[in-house]
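The sequence shown begins at 18 in the numbering used here and counts up one residue at a time.
Before any comments, here is the structure.
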Amino acid sequence: MTDSVSLPGAGCGAAIHDEDGRLLLIQRLKEPEAGAWGLPGGKIDFGERAEDTARREIEEELGIQIELTGLACIAETIDKGDGKHWVAPVYSARIVSGEPRVMEPQKHGGWGWYALDNLPDALTTPVRDYLTALDRMSNPS
18 MTDSVSLPGA
28 GCGAAIHDED
38 GRLLLIQRLK
48 EPEAGAWGLP
58 GGKIDFGERA
68 EDTARREIEE
78 ELGIQIELTG
88 LACIAETIDK
98 GDGKHWVAPV
108 YSARIVSGEP
118 RVMEPQKHGG
128 WGWYALDNLP
138 DALTTPVRDY
148 LTALDRMSNP
158 S
């Protein structure tokens, strides 16, 4: 391995559904995937458990507290153009306290609840990975 090779990074996210089954998405303003709608979450700090990162990041981004209810999937984002490779557990979650609001307007253009059959066109890779996992769970081979 040479110094020019990037090692994968670790992140995490949460698929938060409301009582109507809608999915909470936030719009990214920064690369990668600027302009696309994604799951809330972020980078795992050294020594921090992924579950703790998910709770912390979502409180920082949306001002809400969540309960993680399970591991939904593992998302992978590989951008060969800039040499970035991210691996991220995606947790199923529900809100236990607070109302979502954009807490980091320099990073996020908005948020919303979306029915799974009426999602925005521009979705991040982790959202697509999560939807694929949901489909596999609903339609096992």
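A virtual CB, placed ideally from N, CA and C, is assigned to each residue, including glycine.
Source: prediction; values computed, not measured.
| Check | Outcome |
| --- | --- |
| Validate contact between the region 40-56 and the region 129-144 using beta carbons, cut 8 Å, 3 pairs | yes |
| Member of 51, 44 and 61 whose CA lies at the smallest distance from the CA of residue 27 | 61 |
| Pair within 8 Å by beta-carbon distance, residue 107 and residue 51 | no |
| Unbroken alpha helix (DSSP H) run spanning residue 149, endpoints | 142-155 |
| DSSP bridge partner residues for residue 82 (one or two, in chain order) | 114 |
| Limits of the beta strand (DSSP E) - the one that residue 31 falls within | 26-33 |
| Distance, residue 121 Cα to residue 82 Cα | 16 Å |
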